């Protein structure tokens, strides 16, 4: 997203139309402007398994990419939508989180709407029969009615929501303890699921400021900047110094005064209050940004500062790559695998 010209740019693999450039679906090795959104001020973007969601300044939500499970939020039968299409919602959207095959939208009034695949409970709408596994249009999460939500996040098959009181709710599949309720499971749609939003009680002792998800991991930051992580941790991505899954939220002891975090498939990043960036987890192809020595070592068990980076204000973690946006000039830095 270009701040100067206020346009959306995308790059990478174009499969299923996730880049928004239309046909043919050619991979983009350099940032390319999404022409259908030129003239719109794009304020937020979220990338899912094979689809993308973008919000404009007026609160309009656009989606594009794979639509096999209704994750684009419209009733069109197309399995692939290679250009942005507006999603019909009753009010302007504040935030959006794209999961593997589902999408979570947060309106400016604090309501949560979901759409896409519902088989693992990731939509938070309760029981669905075999005919309604795909929710092709936005559904209001009634279980959160009366609770003002201020932040959302989506993993592969689970979702998180943060209330204005600093409480965290989770729902979906509890793979590897991703929901934070103490259940450590592994499996597909036949495993334990939480079909409706459920309060993570172990986090209620402190007020939370934000939430984030990796594919099967979760994280939250307190108002004071302390980080809690839980879920899939076999790749050291939880930052606790051990390679194991955590079914309950656990503080990252070596981190404090954190402004934001990002959790990927095998690694994580965080921006400290002073703008410095730290990374940890498995290093397969330079995704930690720590140099060749770390790639040979294969992992960093606890957060470590990244050198040669200016102060940053935002980070993002993919499967095998990382991104950071600098405070000065909004420059984008990337490192890791390009495949």
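Numbering (UniProt numbering), first residue to last: 1 to 339. Beta carbons are placed, not taken as given, at the ideal position from N, Cα and C, and that holds for glycine. Being a predicted model, the structure only gives us computed values, none of them experimental.
Does the beta-carbon distance from residue i to residue j come in below 9 Å?
| i | j | result |
| --- | --- | --- |
| residue 200 | residue 223 | no |
| residue 90 | residue 108 | no |
| residue 154 | residue 134 | no |
| residue 69 | residue 18 | no |
| residue 111 | residue 140 | yes |
| residue 122 | residue 172 | yes |
| residue 159 | residue 97 | yes |
| residue 231 | residue 182 | no |
| residue 203 | residue 124 | no |
Give me, in chain order, the residues of the same chain whose beta-carbon lies closer than 8 Å to that of residue i; leave out the 5 immediate sequence neighbours on both sides.
| i | result |
| --- | --- |
| residue 314 | 260, 271, 324 and 325 |
| residue 190 | Residue confidence is low: residue 190 scores 45 on pLDDT, short of 50, so the model does not pin down where it sits. Its coordinate-derived value is still stated next. The answer is none, since no qualifying residue turns up. |
| residue 56 | 37, 40, 41, 42, 43 and 62 |
| residue 258 | 221, 225, 226, 227, 270, 271, 272 and 273 |
| residue 95 | 44, 55, 105, 106, 151 and 152 |
On the DSSP letters alone, give me the boundaries of the beta strand (DSSP E) that residue i sits inside.
| i | result |
| --- | --- |
| residue 254 | Element bounds for residue 254: n/a, residue is neither H nor E. |
| residue 94 | 93 to 98 |
| residue 230 | 227 to 231 |
| residue 81 | 80 to 86 |
| residue 208 | 208 to 213 |
| residue 341 | Any question about residue 341 goes unanswered here, given that the chain covers just 1 to 339. |
| residue 197 | 193 to 199 |
| residue 335 | 332 to 336 |
| residue 217 | 217 to 222 |
| residue 50 | Here residue 50 belongs to no beta strand (DSSP E), and DSSP marks it neither H nor E. |
| residue 28 | 28 to 33 |
| residue 23 | Neither: residue 23 is in no beta strand (DSSP E) and is coded neither H nor E. |
| residue 268 | 267 to 272 |
Could you check if residue i is buried or exposed, using at least 16 other CB atoms within 10 Å of its CB as the buried criterion?
| i | result |
| --- | --- |
| residue 50 | buried |
| residue 237 | buried |
| residue 268 | buried |
| residue 205 | exposed |
| residue 75 | exposed |
| residue 334 | exposed |
| residue 78 | exposed |
| residue 209 | buried |
| residue 176 | buried |
| residue 317 | buried |
| residue 305 | exposed |
Counting only the same chain and skipping the five closest in sequence on each side, list residues whose C-beta sits under 7 Å from that of residue i.
| i | result |
| --- | --- |
| residue 73 | 63, 87, 103, 115, 137 and 138 |
| residue 80 | 16, 17, 66 and 67 |
| residue 256 | 225 and 226 |
| residue 13 | 27 |
With a CB to CB cut of under 6 Å and the five nearest residues on each side skipped, what residues in its chain are close to residue i?
| i | result |
| --- | --- |
| residue 6 | 41 |
| residue 188 | Any answer about residue 188 is weak, because its pLDDT of 46 lies below 50 and its placement is not dependable; what the coordinates show is given next. Hits under 6 Å: none found. |
| residue 275 | 311, 312 and 327 |
| residue 285 | 320, 336 and 337 |
Next item on the list: Tell me the start and end of each unbroken beta strand (DSSP E) in the segment 116 to 169 that is at least 3 residues and wholly inside, in chain order.
Entry: 134 to 140, 149 to 154 and 158 to 163
Notebook entry, point to check: For the segment 304 to 334, which segments carrying the beta strand (DSSP E) assignment without a break, of at least 3 residues, lie completely within its bounds, in sequence order?
Noted result: 312 to 317 and 321 to 326
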